[in-house]
Each structure stands twice: as structure tokens, then as C-alpha cells.
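Undergrad: First the structure, which I've put down as C-alpha cells, then a few questions once you've had a look.
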Amino acid sequence: MRRRIPVALKEQARLLRPLCNRQNRSISIQLLKKFSQLCMIPSAFLHFNYIGRGREKQLLLFVTGRAAAVRLLPVLFAALILSCCATPARRPAPAAPRPDVFSAAPARSQDAAGPRSGLFFYGRSCLKDEELALYDLLDDALRGWNTGKRLELPVPLDAQTLKRVWNSVLYDHPVYDWARCVYPDTDGLITCCILEPRAGLTVEAARTRSREIERAADQLLEGIGGSDFEIAVAVHDALLQRITYEQGVQDADAGSVYGGLVRGRGVCDAYSRSYQYLLQRMGIACCYITGMSGRGIAHSWNAVLLEDGWYYVDITWDDVPDEKGYLFHDYLLVHPRELASDHFPDTEPYGKLPPAGTGQFNYYIQNGFFVNAQAGQDPVPSIARAFSDQLSTRELTDEKRPVFLEIRVDGDPGQYTRWRDAFNEHLFDILKEMQRLASEGGLPFEIETTGSVAYHFNDSTRVLTLFPKASLPAQESVEKGA
């Protein structure tokens, strides 16, 4: 659940506090509070969660005064009726600890690689010895487009085991989504199966689609290289510029690598499967994870294997539809504990999910875009300095425009909350401190410290995002142009 609240602000005698309403305007909270006191009705914040383009968002409404409360009664009554009538969505209890979900799992080993590939496949690594032969048989057959023929299983297996191995193959290889495995419907042991194209496809059509996927991947990956960390970031950013979330689509390609790379649109599976395929093309192990979001809606994301373990990526939730043109990194290479409140993974078909890394390859840590929240320290100067340092690396012009800045707050939960609140309540003090630091340091940029500014904060990943309006001084811009 992306807990970001886009806000526009106006500074009115420093009495205003930010609020996001439907028109994204500024409201004087101080005046609303006085009105509520006159009406003898205490002010209250109501949170409404809604789904937008496949991700959960939070709309924060400030409700105050008797009249506002009366107007909301029909809405609240209707919501109560709908909630009683609706079929409850499946959602694991957030409070229940899952200490073993991310515990020790099979580590990287040469034996777990595919039959003709040096790439590590997590699904294959979780299988038992007697299941590996079947995995390799299916992989060989799919790799060679061997369909419509009877495949003898290396050892007889029950239907549940065969299904788990088949799903492991599909989870490891996003390009095999064209196929299905057919086997006898029996309560006993199964000795054979047949691979064939899924409904609506022929083998020739599947081959054509495979070539289209390869061409699209070649174009997107052109010029990308470096360390595994650098590749993971570059592919993340390139894919976000390629793909668009398509709400409410039901066709099979909406959740496929073909939909993501060739058509350039799809739902969360298209994002996660495309990211997996692209990283595999670059020789990086990437795992496909399915589960539920905090709203009980089916969702998928990835785990990427770096030097010290697995890091989690939700590229779908980094595609913010309200902020097109910006590349967010909130959910790039994070620890699973940062997803624990709004990502509830299935353990099938793996049994156990990939063990997490130490956190050193988090996007913000590696780039130095973070602050350490310490007790007794004033958050405003530290936040301002972190944003100011990042702003100094941006390309500016002589026209004041919003500049995208993002930092992460490290520290215990209590300290994070204190720093987030300071960011939320003293935003214009932060902007003024940024301008002061720029002036004292001789940095050639000017920041607008009055009027309006947009910002977000994400309580799950502890990322603060700011869009200050900044520019070069006119003379600096002229000199740069010369």
C-alpha cells in the first residue's frame, strides 16, 4: 500500500497545515479547527482507502464541524451497508508474525542452475532430488518447443507434486507462459504428461511472440551494463518508462511478459514478469513472487539476488500514475520487513521464500540518499541538507520548475515518526534552510520558499519525496548556455 499523500500548500502566517483534498488544494486547518470548536464538534481525520491502477492509495479527508459530519452520514451509512454485503477478500492477518517465511532457504549453488544455463533459478533450487529430473525434462521440452508428444515422467508422481514442479518451471521462466501441461486425471500416480499451447495460441504463434519479446528486450537493454546493482536499477527505470498500468484488463497478455515488453501495458504480473525476464537476460537471478496486497487483492512482485542475498522489488508500486514523468524508487531493492505491512506472499510453489540480504544494496543506501534519524537531533536541518545535496546534482534552468528529490529516513520506528512529522509540519522551514545552505555553500540555485509545493511520504519504506520549485539564477543560466 503506497502511503503517500500528495499535497499542495500555501503558507498563511505559518498557521497552515498541509491537507490533500480531492482538488489537491490547500486548506487552512487552523480555520477548520476554530470552526469545529464553535460547533462544539471535535475535529477528526477520516482515512478512505481506494484502489487506483492496481495499487492501494490513501485519501486523507479532514472532517470538521457538525454540518460536515451530517453530510458524511449518508456516505458512511452506504459504506457500512456495502462492507456488510461484500464478500470479504482473503487477507492474511498483518499482526501475525511470519518468522520462518524469510528464514534460511537454499542458497546459490551451481547444482541449482538450469540444465544448459549458468543462471540460478530459485524455484528449481527448492525441489527435491526426485523432482529435479522432471523439472529438467519439462524445461528441455519447452526450450525445444516439443509439444503434442507424450513425455514419460522420470519417476511416477502424484498430481500435487507434478503440479508443484510444473509451477516451479513457470515461475522460473516467464517466457513459458504460452504452454500448459496436460496429464491424466487420476487419484493414483502419474507416469506421463503432454505439453501443448494454452487456449487461443498455436505453436507457431507462440514462436512469433517469443521473437517479438526478444526484440523488445534487446531494445530496452541496449546500453545497460555495470554491476548487478547498477543493472537492477537501470532495468527498473527503463521498464517504468516502457510500461503503463492498464486497469481492469482481463485478457491473458495483461499479466505476461509479452504484454509488458511488446504491448507496453498490463497489470502487476506484466511488470514483475517483464522485470524478471530482463534481469535473467542480463545474467541476474530474479524470482517471481505472488501474494496479496494489504487490501486482499492478488498481487505480484520480485526478489533479486545480489552479492549478500535477495532484495525485493515491487516495480508496479513504483509506477505512480499521478506523477508521470518521475522515476520513483520506494520499492526498489528493499528488505522484506519493509513490505511486511502491505505485501503478504504465498509460499507456493517454493515452500520458503528467498532469504533477504543485509540491506547494503538498498537503492537509497547505495546512492547516499538517506539520513540517520537520531534522538535529540533537530530533523529540519538534516532533512534540508540531504535534499539540498541531492538538488545540487540536478540539471536546472532559469525557469523555476518542480524538481524531483527523494531520501530515505533510517532509524527506529519512533525516530522515523518524529522525523516524518517534522517533514510534514515544517516543510517551508526545510525549504528556507535548503536555500540558506545553498547561499552559504555558493551553490548556484534558487528555491521558492513560499506559495505551494508537493511532497509525499511512504511509511512502509520510510521514503520522503519533495518537489521544490528551483532554478538557476539568470546569470548562471546564461553562462551555462554560453
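481 is the number that numbering that gives the first Met the number 0 gives the last residue of the sequence shown; the numbers go up by one with no jumps. Cβ atoms here follow ideal geometry from the backbone N, Cα and C, with glycine treated the same way.
Below 6 Å CB to CB, which residues in the same chain sit around D409 once its five sequence neighbours on both sides are set aside?
TA: Counted from its first residue, the sequence shown places residue 409 at position 410. Excluding positions up to five away in sequence, the list reads F369, N371.
Undergrad: Report whether the distance from the Cβ of A374 to the nearest heavy atom of the ligand NAD is below 6 Å.
TA: You won't find the ligand NAD in this model; it holds no ligand whatsoever.
Undergrad: Is the beta carbon of A437 sitting closer than 7 Å to the one on P378?
TA: The residue given as residue 437 occupies position 438 in the sequence shown. The residue given as residue 378 occupies position 379 in the sequence shown. The answer is no: Cβ separation not under 7 Å.
Undergrad: Looking at the unbroken beta strand (DSSP E) that takes in Y287, where does it start and where does it end?
TA: What you label residue 287 is simply residue 288 of the sequence shown in a count that begins at 1. Element bounds for Y287: 285 to 292.
Undergrad: Check the C-beta distance from I314 over to V261 and give it rounded, since I have them as a contact under 8 Å.
TA: Position 315 of the sequence shown, counted from the first residue, corresponds to residue 314. Position 262 of the sequence shown, counted from the first residue, corresponds to residue 261. No, I314 and V261 are not in contact; Cβ-Cβ is about 17 Å, not under 8 Å.
Undergrad: For E195 versus G147, is the C-beta spacing smaller than 7 Å?
TA: In the sequence shown, residue 195 corresponds to position 196, counting from 1. In the sequence shown, residue 147 corresponds to position 148, counting from 1. Going by C-beta atoms, E195 is nearer than 7 Å to G147.
Undergrad: Tell me which residue opens and which closes the beta strand (DSSP E) that F369 is part of.
TA: Here residue 369 is taken as the residue at index 370 of the sequence shown, counted from 1. Counting along the chain, the beta strand (DSSP E) containing F369 begins and ends at 369 to 371.
Undergrad: So, does the region 339 to 352 touch the region 249 to 258, judging by three or more C-beta pairs under 8 Å?
TA: No, the region 339 to 352 does not touch the region 249 to 258.
Undergrad: In chain order, what residues of the same chain lie with their CB nearer than 7 Å to the CB of I288, ignoring the 5 residues before and after it?
TA: Numbered from 1 along the sequence shown, position 289 holds the residue referred to as residue 288. S299, W300, N301, A302, P344, L352.
Undergrad: So, at 8 Å on beta carbons, what are the nonlocal neighbours of T460 in its own chain, with the 5 sequence-adjacent residues on each side left out?
TA: The count along the sequence shown starts at 1 and reaches residue 460 at position 461. Same-chain partners within the cutoff: D329, Y330, V333, E337, R407.
Undergrad: Please list, in chain order, all residues of the same chain as L465 whose beta carbon is under 6 Å from its beta carbon, the five residues on each side excluded.
TA: Here the question's residue 465 lines up with position 466 in the sequence shown. Within the same chain, L465 has close Cβ partners F386, L404, Y454.
Undergrad: If you draw a straight line from the C-alpha of R280 to the C-alpha of L152, how long is it?
TA: Along the sequence shown, read from residue 1 onward, the residue named residue 280 stands at position 281. Along the sequence shown, read from residue 1 onward, the residue named residue 152 stands at position 153. In a straight line, the C-alpha of R280 is about 29 Å away from that of L152.
Undergrad: As a quick exercise: from D186, G199, A284, pick the residue whose alpha carbon is nearest that of Y121.
TA: Translated into positions along the sequence shown, residue 121 becomes position 122. Per the Cα distances, A284.
Undergrad: So for D317, helix, strand or coil by DSSP?
TA: Here the question's residue 317 lines up with position 318 in the sequence shown. Coil.
Undergrad: Can you tell me where the beta strand (DSSP E) holding S299 begins and where it ends?
TA: In the sequence shown, residue 299 corresponds to position 300, counting from 1. 297 to 305 is the span of the beta strand (DSSP E), which, as asked, contains S299.
Undergrad: Taking C-beta to C-beta, are L471 and L390 nearer than 7 Å?
TA: Working through the sequence shown from its first residue, we reach residue 471 at position 472. Working through the sequence shown from its first residue, we reach residue 390 at position 391. Cβ atoms of L471 and L390: not closer than 7 Å.
Undergrad: Evaluate P467 with the Cβ neighbour count: other Cβ atoms within 10 Å of its Cβ, from every protein chain shown; 16 or more gives buried, anything less gives exposed.
TA: As a first step, residue 467 is located in the sequence shown; it is residue number 468 there, counting from the start. So P467 counts as buried.
Undergrad: What is the rounded straight-line gap between the Cα of V452 and the Cα of A198?
TA: The residue labelled residue 452 in the question sits at position 453 within the sequence shown. The residue labelled residue 198 in the question sits at position 199 within the sequence shown. Going from the Cα of V452 to the Cα of A198 covers about 51 Å.
Undergrad: With DSSP collapsed to three states, give me the class of D329.
TA: Here residue 329 is taken as the residue at index 330 of the sequence shown, counted from 1. Coil.
Undergrad: By the 10 Å Cβ neighbour count, where 16 or more other Cβ atoms means buried, how is P93 classified, buried or exposed?
TA: What you label residue 93 is simply residue 94 of the sequence shown in a count that begins at 1. At P93, the pLDDT of 32 sits below 50, so the modelled position is not reliable and the matter cannot be decided from this model.
Undergrad: How big is the Cα-Cα spacing for A104 and P335?
TA: As a first step, residue 104 must be located in the sequence shown, where it is residue number 105. As a first step, residue 335 must be located in the sequence shown, where it is residue number 336. Summary for A104: the model assigns pLDDT 37, below 50, so the residue's position carries little reliability; its value from the coordinates is reported in the next sentence. Roughly 14 Å between the two C-alpha positions.
Undergrad: Keeping to the same chain, check which residues put their C-beta closer than 6 Å to that of R163; ignore five residues upstream and five downstream.
TA: As a working mapping, residue 163 is identified with position 164 in the sequence shown. Result list for R163: P348, in chain order.
Undergrad: Please report the residue range of the alpha helix (DSSP H) in which F228 lies.
TA: Taking the sequence shown and counting its residues from 1, one reaches residue 228 at position 229. Looking at the DSSP string, the run of the alpha helix (DSSP H) that includes F228 is 227 to 241.
Undergrad: Could you tell me if E130 is buried or exposed, where buried requires 16 or more neighbouring beta carbons within 10 angstroms of its beta carbon?
TA: By 1-based counting over the sequence shown, the position of residue 130 is 131. Per the 10 Å Cβ criterion, buried.
Undergrad: Going by the DSSP bridge assignment, what does C192 pair with across the sheet?
TA: Walking along the sequence shown from the start, residue 192 turns up at place 193. Bridge partners of C192: L150.
Undergrad: In whole angstroms, what is the alpha-carbon distance linking I382 and L304?
TA: Stepping through the sequence shown from its first residue, residue 382 is reached at position 383. Stepping through the sequence shown from its first residue, residue 304 is reached at position 305. For I382 and L304, the distance between alpha carbons rounds to 31 Å.
Undergrad: Where do the N-terminal and C-terminal ends of the beta strand (DSSP E) with D171 fall, by residue?
TA: On the sequence shown, residue 171 is found 172 positions in, with the first residue counted as 1. Here D171 belongs to no beta strand (DSSP E); instead the alpha helix (DSSP H) covers 158 to 171.
Undergrad: Would you say Y270 and P173 are within 7 Å of each other, going by their C-beta atoms?
TA: Translated into the one-based positions of the sequence shown, residue 270 becomes position 271. Translated into the one-based positions of the sequence shown, residue 173 becomes position 174. Not a contact, by the Cβ cut-off of 7 Å.
Undergrad: Put N361 into one of helix, strand or coil per three-state DSSP.
TA: Start at 1 with the first residue of the sequence shown, and residue 361 comes out as number 362. Note: N361 maps to coil in three-state DSSP.
Undergrad: Roughly how many whole angstroms lie between the Cα atoms of D236 and V312?
TA: Taking the first residue of the sequence shown as 1, we reach residue 236 at position 237. Taking the first residue of the sequence shown as 1, we reach residue 312 at position 313. Taking the straight line joining both Cα atoms gives about 12 Å.
Undergrad: What is the DSSP secondary structure of F120, reduced to helix, strand or coil?
TA: Mapped onto the sequence shown, residue 120 falls at position 121. Of the three classes helix, strand and coil, the one that applies to F120 here is coil, per DSSP.
Undergrad: Could you name the residues that DSSP lists as bridge partners for S470?
TA: Working through the sequence shown from its first residue, we reach residue 470 at position 471. Bridge partners of S470: E445.
Undergrad: Under 8 Å by Cβ, that's how I've got I193 and R149 pegged, so tell me the actual separation to the nearest angstrom.
TA: Walking along the sequence shown from the start, residue 193 turns up at place 194. Walking along the sequence shown from the start, residue 149 turns up at place 150. Indeed they touch by this definition, with Cβ atoms about 6 Å apart.
Undergrad: Terminal residues of the continuous beta strand (DSSP E) containing D409?
TA: As a working mapping, residue 409 is identified with position 410 in the sequence shown. Here the beta strand (DSSP E) through D409 covers 404 to 409.
Undergrad: Is C191 buried or exposed, if buried means 16 or more other CB atoms sit within 10 Å of its CB?
TA: Within the sequence shown, numbered from 1, the residue matching residue 191 stands at position 192. Looking at its Cβ environment, which holds fewer than 16 other Cβ atoms inside 10 Å, C191 is exposed.
Undergrad: So is R272 buried or exposed if we call it buried at 16+ other beta carbons inside 10 Å?
TA: As a position in the sequence shown, residue 272 is number 273, starting the count at 1. Counting Cβ neighbours within 10 Å, R272 comes out buried, since at least 16 surround it.
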